[in-house]
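Novice: Its first residue numbered 477, the sequence shown is counted upward by one per residue in this note's numbering. For glycine and all other residues, C-beta sits at the position ideal for the given N, C-alpha and C.
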Amino acid sequence: MINDYILDKKSLVLGFVFLLLSAYSFAANRLSQNHKATEKIFLDSLKGTVVDNNGKPLKDVKISNTISGVTVFSSLNGYFALPGTVGDKLKFEHPDFYTLEKIYKGGKSSLWIQLAGRYLPSKDVIGIDPKDSLAVDRASVEVLHGRQLKENQLQSVVTVNTNQLTTTPASQFLQALPGRIAGLNIGFTSGGPGLDGNGLNYNVRSALGNNIVLIDGVQRPYISIDPDQIESVSVYKDALATVMFGMRSSNGIIAITTKKGDKGAPRISFSAQGGIERPITLPKSLDAATYAMLYNEAKQNDAPAGVTLTPSYSAGDIALYQNQTDPFRHPNVDWYNTVLRKQSYINRYNFNVQGSGKGFRYFVDLDNLKETGLFNTNDSLNTYNTNAQLDRYIVRSNLGVDLTKTTVMQLNLFGRIAKNNQPGGTTATVFSSLAATPNNAYPVFNPNGTLGGTSTYNQNQNLYGQILQRGYQFQDSRDVSVDLQLTQRLDVFLPGLYAKIQGSYNNSTLYKTDRSKNFASFQLNPDNSYTAVGTITEQGTTGTPGVRSRVIYTEADLGYEHSFEKHNLSALVLRNEQSTMQFDTGTLPEIYTDYAARFQYNYDQKYLFEAAGSYAGYNWFAPANRWAPYWALGMGWNIHNEEFVKNNLKWVSNLKIRGTYGQTGQANAGYYTYIQTYWTPATNTNNGDGYYFGNTGVGVTRSTGENSLANPDLAAEKAKKTNIALDLGFWNNKLTISAEYFNNRFYDLVGAPGIKTNILGAAYPNKNLYIYNYKGTDISLTYQDNISNFNFFVSGNFSLVQSKVIYMDEITRNYDYQRQTGQQVGIIYGYTAMGLFQSLAEINDPATAVLAATPKSSLRPGDIRYLDRNGDGIINDLDKGPIGSGKPTVYYGATIGFNFKGFDFNALLQGVMNRQTALGGPTAQYGDFYNGFGNGGAANAFEFNLGRWTPGTAATANQPRLWLGANANNQEVSSYWLQNTSFVRLKNVEIGYTIPAYLSKKIGVPSIRFFSNGLNLLTWSPLSKFRNDVDPESLNPTYPMLKVFNFGINAKF
477 MINDYILDKK
487 SLVLGFVFLL
497 LSAYSFAANR
507 LSQNHKATEK
517 IFLDSLKGTV
527 VDNNGKPLKD
537 VKISNTISGV
547 TVFSSLNGYF
557 ALPGTVGDKL
567 KFEHPDFYTL
577 EKIYKGGKSS
587 LWIQLAGRYL
597 PSKDVIGIDP
607 KDSLAVDRAS
617 VEVLHGRQLK
627 ENQLQSVVTV
637 NTNQLTTTPA
647 SQFLQALPGR
657 IAGLNIGFTS
667 GGPGLDGNGL
677 NYNVRSALGN
687 NIVLIDGVQR
697 PYISIDPDQI
707 ESVSVYKDAL
717 ATVMFGMRSS
727 NGIIAITTKK
737 GDKGAPRISF
747 SAQGGIERPI
757 TLPKSLDAAT
767 YAMLYNEAKQ
777 NDAPAGVTLT
787 PSYSAGDIAL
797 YQNQTDPFRH
807 PNVDWYNTVL
817 RKQSYINRYN
827 FNVQGSGKGF
837 RYFVDLDNLK
847 ETGLFNTNDS
857 LNTYNTNAQL
867 DRYIVRSNLG
877 VDLTKTTVMQ
887 LNLFGRIAKN
897 NQPGGTTATV
907 FSSLAATPNN
917 AYPVFNPNGT
927 LGGTSTYNQN
937 QNLYGQILQR
947 GYQFQDSRDV
957 SVDLQLTQRL
967 DVFLPGLYAK
977 IQGSYNNSTL
987 YKTDRSKNFA
997 SFQLNPDNSY
1007 TAVGTITEQG
1017 TTGTPGVRSR
1027 VIYTEADLGY
1037 EHSFEKHNLS
1047 ALVLRNEQST
1057 MQFDTGTLPE
1067 IYTDYAARFQ
1077 YNYDQKYLFE
1087 AAGSYAGYNW
1097 FAPANRWAPY
1107 WALGMGWNIH
1117 NEEFVKNNLK
1127 WVSNLKIRGT
1137 YGQTGQANAG
1147 YYTYIQTYWT
1157 PATNTNNGDG
1167 YYFGNTGVGV
1177 TRSTGENSLA
1187 NPDLAAEKAK
1197 KTNIALDLGF
1207 WNNKLTISAE
1217 YFNNRFYDLV
1227 GAPGIKTNIL
1237 GAAYPNKNLY
1247 IYNYKGTDIS
1257 LTYQDNISNF
1267 NFFVSGNFSL
1277 VQSKVIYMDE
1287 ITRNYDYQRQ
1297 TGQQVGIIYG
1307 YTAMGLFQSL
1317 AEINDPATAV
1327 LAATPKSSLR
1337 PGDIRYLDRN
1347 GDGIINDLDK
1357 GPIGSGKPTV
1367 YYGATIGFNF
1377 KGFDFNALLQ
1387 GVMNRQTALG
1397 GPTAQYGDFY
1407 NGFGNGGAAN
1417 AFEFNLGRWT
1427 PGTAATANQP
1437 RLWLGANANN
1447 QEVSSYWLQN
1457 TSFVRLKNVE
1467 IGYTIPAYLS
1477 KKIGVPSIRF
1487 FSNGLNLLTW
1497 SPLSKFRNDV
1507 DPESLNPTYP
1517 MLKVFNFGIN
1527 AKF
């Protein structure tokens, strides 16, 4: 069965290596360098060639002699010539490369000028000739099913390029995006090797679910790609940008474009990098003595007034914890330092080659990433790895072939092999056990060398044993995809007419292997005997298939592009279908079908119009609701192309207003929920599944029952979206500003009905009920300039998002403050806290209202007091109301950087504002926020618990009293536990140095660059005032969030 779903690792790697070598051998015959310049050759001329970091000739570089004032442009082969002599200063300028100034010192018959690529290359190029294909391509941005000149763009599309992705040392490229794109919100809920999206959430201008991710126009898992394969990442935000995606168009789209081959000789790039990973923060457990003292305090706090309880830990015990003269019966084990290493490691190697031959272009890439875990394992004790670890290989071959002068084929091949390893008890279990085990629980080892243990923590066993003696688990995952696209020019029938067909196949498999086992630890008894805790079992040998899916995508396009006089128009009609088969669930295929069209027109590149639409189908809806139309319109005005601006405001290089409006849709149906389904219990009639007949009380009778009721009326969710934007550019676009206002009304959102009755006797189905509104502003600003050879840039973005529940199907409330309708989406509801009780007199005051389920006799000074919001003398659900915002309302980021004499630097700050979180009970990583000892005392406590209420700290306490037993009063969602979890983070920093070309060329390498970068380096948050050992972004991670320090080298040939 394994072989049916999993490709052989060696065969896949060797196959792609063969493709790589074949492509390279085809291109080994480098294209001859034609130095015939398009400019006039001057008699006393300075001449040479301009190339990029790869040695590829650059066209359209502006070369100015600042002494004579003569300006020329480089030819197709990068060649230039202009009059000059020794001592003249030449200035080289290009929108995609840093400006370079060079004084000609003589002695060379031909100059070799190498320009460094901009960290933020600009697409804001004005006045492009539509007939200049190279210039158009450079100034174009990716849109759905095509490309469009940025100058004529009406859609809300923001793009980042590969430079901004490769500076971030992370296993997933999405980790490089926070703070770089206005309107894109990405949050991380966990870290660790093999993240694979489980710790990510991302959305555009809403919080209604993750956006879809496209790779080269096809929806597929984003984990299957490495940053060096990516040419650009675009985010489609408004209706006009996404509407052609039919029933997947409401929540925004993240579109990845991979690198393709381009004209030129083979260009090889190799990079090797390695880094260390450290937790951003780890919980700070109390030492054993302090834990014991606080435990005694918590126990006494539970006692009735005037009653003194015998401490669980005597003064002698506490002294022994402190002096460690009896470490086996009075241990003080720093479990975090024992179980975890200070750091783990990440290594990545990438090799790619790009170029062309006669009639074909290619890009081939091979990438390996290995990320180890934090567990302090000992390889000498086992013949297998029990640490967390990811080992991943990715290969890609993108080949473009000119089959004829009018026919182009694009063939993209991709493969990924990944192995994720973890301890036998799972990584998540180890970390949750760490958070629950105090330092005095048991020793690591007993006097006889066995593992220490205690029956109190039997469910956890020995933490050190969990990472060494529980065996291991691993999962192998494979992804293979093939894309084939044929484009046929049909100018013979109509100039500008073309047709395109595309097919894509993607197969993903995952196989889980369990080699776990159980072990025994031993509790040291007072008589020096031992009691076993846990039993030893043999290592498991099971393997089970996991996710197994197949995606088939087909598309057929007919397009038209033409310009005549001052009219420029394009039209596109297409049909596509995506079928996803999930073999592991046994479900029928999920099929999306779109008939889509788009029309674009502009007059003299001044007055812009665009219309797009789709007629979309989704097979999991009932036939009556399976198809629906969606549409969008856009208009704009390039004011900078008007003569009155050109003649009077020459410092204004870009001035455009644009707006779009449309209706989009989102399928959120569930699996054939319009068909009634039933459940059948197991053969055992006494297992609780069934119905009672008669009154014998013998048990239930095996029978068949209804699942949730079917809803044949369920339809796609919808959204009406408005987007109004202003684009500005000054001083030849050294300064660019884009400001957008959006107003998106999501309606017919699927959810459970709030008005219902138990009389029905069955679960209610989901319905199209809810209406939410999201509106706000996205602002982006970039300034790029140079002072001689010092090139610098500053870029920032800011997003303000306001949401409102327009309608919820909720019951009639007694009070307006109970209603969710009219409130912010995702607002936190709970009690309003009035501080802490300071005395028994305050508690017993007849005017004091307390929770209806909590008798006053169970309350103590230091417990939370709540507001009787409706004044009825009882605290209950009628007193709950909105207490916090929940989701952030402001997202922002800022990037700064420079390039000077081979040195380059960039840094990214990212943050959110107006984010509040109601901290709760037990968490996987940080223990119990409510109480260090949990309910029952068998839990851990942390340094932040030192801020608890005591009679002596009543004025400064930021937490209630400690307790051991049940205390429902202090564990309610309330404003007392509401914390400001806004943060600003130094997300990414990189510094690099490129060896001068004249030196690296001596060893046959056009470019050698050394670099160091980091991720999640510093964090500032108001949450640190409450608890400084918690990461504000991920409040309940299953693995710590990591900061990364990375070093590497890149060589280009």
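Could you give the distance in angstroms between the alpha-carbon of Phe-1459 and the alpha-carbon of Ala-1400?
Specialist: Numbered from 1 along the sequence shown, position 983 holds the residue referred to as residue 1459. Numbered from 1 along the sequence shown, position 924 holds the residue referred to as residue 1400. One C-alpha to the other measures close to 22 Å.
Novice: For the alpha helix (DSSP H) holding Gln-1401, just list the boundary residues, first then last.
Specialist: Reading the sequence shown from its first residue, position 925 is the one you call residue 1401. Gln-1401 -> no alpha helix (DSSP H), and no H or E assigned at all.
Novice: Can you tell me whether Ile-1012 is buried or exposed, with buried defined as 16 or more other CB within 10 angstroms of its CB?
Specialist: Against the sequence shown, residue 1012 aligns to sequence position 536. The residue in question, Ile-1012, is exposed, as its Cβ has fewer than 16 Cβ neighbours within 10 Å.
Novice: Kindly indicate if chain C contains any beta-carbon less than 8 Å away from that of Val-884.
Specialist: Absent from the structure is chain C; it holds one protein chain and no more.
Novice: So Tyr-1068 and Gln-1054 are in contact, right, with Cβ under 8 Å, and what is the actual spacing, rounded?
Specialist: On the sequence shown, position 592 is the one that residue 1068 refers to. On the sequence shown, position 578 is the one that residue 1054 refers to. That pair is a contact at about 5 Å.
Novice: Please state whether DSSP places Tyr-1293 in a helix, a strand or coil.
Specialist: The residue given as residue 1293 occupies position 817 in the sequence shown. Note: Tyr-1293 maps to helix in three-state DSSP.
Novice: Do you know whose CA, among Pro-533, Tyr-1137 and Ala-1100, lies nearest Lys-713's CA?
Specialist: As a first step, residue 713 must be located in the sequence shown, where it is residue number 237. The candidate whose alpha carbon is nearest that of Lys-713 is Tyr-1137.
Novice: For Tyr-948, count neighbouring C-beta atoms within 10 Å of its own C-beta (all shown protein chains included) and say buried if the count is 16 or more, exposed if not.
Specialist: For the purposes of this step, residue 948 is taken as residue 472 along the sequence shown, with counting starting at 1. Under this definition Tyr-948 is a buried residue.
Novice: Round the Cβ separation of Ser-710 and Glu-618 to the nearest angstrom and send it over; I've been treating them as touching at under 8 Å.
Specialist: The count along the sequence shown starts at 1 and reaches residue 710 at position 234. The count along the sequence shown starts at 1 and reaches residue 618 at position 142. So it is a contact: roughly 5 Å between Cβ atoms.
Novice: Apart from the five residues on each side of it in sequence, which residues of its chain come closer than 6 Å, Cβ to Cβ, to Phe-1313?
Specialist: As a position in the sequence shown, residue 1313 is number 837, starting the count at 1. If the five residues before and after Phe-1313 are omitted, its C-beta is found closer than 6 Å to the C-beta atoms of Ile-1319, Pro-1337, Asp-1339 and Arg-1341, all from its own chain and listed in chain order.
Novice: Quick one: grab the DSSP three-state call for Ala-1527.
Specialist: The residue you call residue 1527 lines up with position 1051 of the sequence shown. Strand, per DSSP.
Novice: Can we count Asp-1254 as close to the ligand SAH, meaning its CB is less than 7 Å from some heavy atom?
Specialist: Inclusion of the ligand SAH in the displayed structure is not the case, the ligand content being empty and no account of it being possible.
Novice: Note down, in chain order, each residue of its chain lying with its Cβ closer than 8 Å to the Cβ of Ser-508, except the 5 sequence neighbours on either side.
Specialist: The residue you call residue 508 lines up with position 32 of the sequence shown. With a pLDDT of only 33 at Ser-508, under 50, the local geometry of the prediction cannot be trusted, and the value read off the model is given with reservation. Excluding positions up to five away in sequence, the list is empty.
Novice: Quick one, which of Gly-545, Lys-626, Phe-556 and Ser-551 has its alpha-carbon nearest Asp-1203's?
Specialist: Position 727 of the sequence shown, counting from 1, holds the residue named residue 1203. Out of Gly-545, Lys-626, Phe-556 and Ser-551, Lys-626 has the C-alpha closest to the C-alpha of Asp-1203.
Novice: Taking only the alpha-carbon atoms, compute the straight-line gap between Lys-1132 and Ala-1201 and give it to the nearest angstrom.
Specialist: Here residue 1132 refers to the residue found at position 656 when the sequence shown is read from its first residue. Here residue 1201 refers to the residue found at position 725 when the sequence shown is read from its first residue. If you take the alpha carbons of Lys-1132 and Ala-1201, they lie about 8 Å apart.
Novice: Relative to the C-alpha of Phe-1381, which candidate in Ser-1279, Asn-1267 and Ile-1247 has its C-alpha closest?
Specialist: Residue numbering aside, residue 1381 sits at position 905 when the sequence shown is read from its first letter. The shortest C-alpha separation from Phe-1381 is found at Asn-1267.
Novice: Cutting at 6 Å between CB atoms, please list the residues of its own chain near Glu-962, excluding the five before and the five after it.
Specialist: What you label residue 962 is simply residue 486 of the sequence shown in a count that begins at 1. Going by the sequence as given, residue 962 is Leu instead of Glu. Sequence-distant partners of Leu-962 (beyond 5 residues in either direction) whose C-beta falls short of 6 Å from its own C-beta, in its chain, are Met-885 and Ile-977.
Novice: CB Pro-669 to CB Asn-896, shorter than 8 Å?
Specialist: One-based indexing of the sequence shown puts residue 669 at position 193. One-based indexing of the sequence shown puts residue 896 at position 420. Yes; because the gap between Cβ atoms is below 8 Å, this pair is in contact.
Novice: Just to confirm my understanding: we take Tyr-812, look at its own chain, exclude 5 residues before and 5 after, and list those with CB closer than 8 Å. What are they?
Specialist: Position 336 of the sequence shown, counting from 1, holds the residue named residue 812. Here the set comprises Leu-758, Pro-759, Ser-761 and Leu-910.
Novice: Please report the distance separating the alpha-carbon of Arg-817 from that of Glu-707.
Specialist: Indexing the sequence shown from 1 puts residue 817 at position 341. Indexing the sequence shown from 1 puts residue 707 at position 231. Cα-Cα distance, rounded: 37 Å.
Novice: Check each candidate in Ile-1484, Ala-1414 and Ser-1497 and name the one with the smallest Cα separation from Gln-1455.
Specialist: Along the sequence shown, one-based indexing puts residue 1455 at 979. Its Cα nearest to that of Gln-1455, the residue Ser-1497 stands out among Ile-1484, Ala-1414 and Ser-1497.
Novice: Please state whether DSSP places Lys-1232 in a helix, a strand or coil.
Specialist: Indexing the sequence shown from 1 puts residue 1232 at position 756. Coil.
Novice: Which residue from Asn-982, Ala-1047, Thr-926 and His-1038 puts its Cα closest to that of Arg-1026?
Specialist: As a first step, residue 1026 is located in the sequence shown; it is residue number 550 there, counting from the start. Ranking the options by Cα distance to Arg-1026, first place goes to Asn-982.
Novice: Can you check which of these residues, Thr-1457, Met-1057, Gly-1347 and Ser-856, is closest to Lys-1501 by C-alpha distance?
Specialist: As a working mapping, residue 1501 is identified with position 1025 in the sequence shown. Checked all of Thr-1457, Met-1057, Gly-1347 and Ser-856; the closest Cα to Lys-1501 is Thr-1457.
Novice: Just to confirm, is the Cβ distance from Phe-568 to Leu-596 under 8 Å?
Specialist: As a working mapping, residue 568 is identified with position 92 in the sequence shown. As a working mapping, residue 596 is identified with position 120 in the sequence shown. Result no, Cβ atoms of Phe-568 and Leu-596 do not sit closer than 8 Å.
Novice: In whole angstroms, what separates the C-alpha of Gly-876 from that of Phe-1374?
Specialist: Taking the sequence shown and counting its residues from 1, one reaches residue 876 at position 400. Taking the sequence shown and counting its residues from 1, one reaches residue 1374 at position 898. Cα to Cα, Gly-876 sits roughly 36 Å from Phe-1374.
Novice: Would you check if the distance between the CB atom of Tyr-1083 and the CB atom of Gly-1035 is smaller than 8 Å?
Specialist: Position 607 of the sequence shown, counted from the start, is the residue given in the question as residue 1083. Position 559 of the sequence shown, counted from the start, is the residue given in the question as residue 1035. Contact flag unset, no.
Novice: Excluding sequence positions up to five away, which residues of its chain have a Cβ less than 6 Å from the Cβ of Thr-989?
Specialist: Against the sequence shown, residue 989 aligns to sequence position 513. Non-local C-beta neighbours of Thr-989 in its own chain, meaning closer than 6 Å and more than five positions away in sequence, comprise Phe-950 and Gly-1019, ordered along the chain.
Novice: Tell me whether Thr-514 sits in a helix, a strand or coil according to DSSP, three-state version.
Specialist: The count along the sequence shown starts at 1 and reaches residue 514 at position 38. A caution first: Thr-514 carries a pLDDT of 35, below 50, which makes its placement in the model unreliable, though a value can still be read off. Note: Thr-514 maps to coil in three-state DSSP.
Novice: Going by DSSP, what residue range makes up the beta strand (DSSP E) through Asp-1070?
Specialist: For the purposes of this step, residue 1070 is identified with residue 594 of the sequence shown, where counting begins at 1. First-last of the beta strand (DSSP E) with Asp-1070: 1066-1079.
Novice: Just how far apart, CA to CA, sit Gly-1089 and Val-633?
Specialist: Position 613 of the sequence shown, counting from 1, holds the residue named residue 1089. Position 157 of the sequence shown, counting from 1, holds the residue named residue 633. Answer to the nearest angstrom: the Cα atoms are 17 Å apart.
Novice: Indicate the three-state DSSP secondary structure (helix, strand or coil) for Tyr-1148 in the structure shown.
Specialist: Here residue 1148 refers to the residue found at position 672 of the sequence shown. DSSP places Tyr-1148 in coil when its eight states are reduced to three.
Novice: Taking the continuous beta strand (DSSP E) assigned at Tyr-595, which residues delimit it?
Specialist: As a working mapping, residue 595 is identified with position 119 in the sequence shown. Unbroken run through Tyr-595: none, as it is neither H nor E.
Novice: Could you say if the region 1518-1528 and the region 747-756 meet the contact criterion of at least three C-beta pairs nearer than 8 Å?
Specialist: yes
Novice: On the three-state DSSP scale, how would you describe Asn-828?
Specialist: The count along the sequence shown starts at 1 and reaches residue 828 at position 352. In the structure shown, Asn-828 sits in a strand (DSSP, three-state: E or B).
Novice: Starting from the Cα of Arg-432, find the closest Cα among Phe-998, Gln-1058, Pro-1322 and Asp-793 and give me that residue.
Specialist: The requested residue 432 does not occur in the structure, where the chain is confined to residues 477 to 1529.
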